[in-house]
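Inspection log for the structure reproduced underneath, given as structure tokens.
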Ligand SMILES: [Zn+2]
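In the working numbering, the protein residues as written are 9 to 82.
Have a look at this one:
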């Protein structure tokens, strides 16, 4: 799959990354259909908030739940 990652201030990339899997009973795998940039992503983009190199960014999205862990009820 493709994901947006940040490697350093002003260095954001769209890269191939491993497919997500359910690891914990409370996990869900969501196929993202639409996403946007959040203000908190801009802090990292400008170097004003720390991120691990290669960390995925973006958490504002619309998608379809494709798989859930055993403890997900809603
Ligand atoms: Zn946000």
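All C-beta atoms, glycine included, are put in the ideal place defined by N, C-alpha and C.
Just checking my contact of residue i with residue j at CB under 8 Å: how many whole Å lie between their CB atoms?
i, j, result
"residue 82", "residue 33", "The Cβ separation is near 14 Å, so there is no contact."
Terminal residues of the continuous beta strand (DSSP E) containing residue i?
i, result
"residue 49", "Premise fails: residue 49 lies in the alpha helix (DSSP H), 47-53, not in any beta strand (DSSP E)."
"residue 68", "68-76"
"residue 30", "No beta strand (DSSP E) holds residue 30; DSSP gives it neither H nor E."
"residue 12", "10-16"
"residue 21", "19-24"
Between residue i and residue j, is the Cβ-Cβ spacing less than 9 Å?
i, j, result
"residue 14", "residue 43", "no"
"residue 18", "residue 54", "yes"
"residue 30", "residue 75", "yes"
"residue 61", "residue 11", "no"
Handout entry: Any 3 or more C-beta pairs closer than 8 Å across the segment 17-26 and the segment 66-74
Key = The segment 17-26, when compared against the segment 66-74, does not touch it at the 8 Å Cβ threshold.
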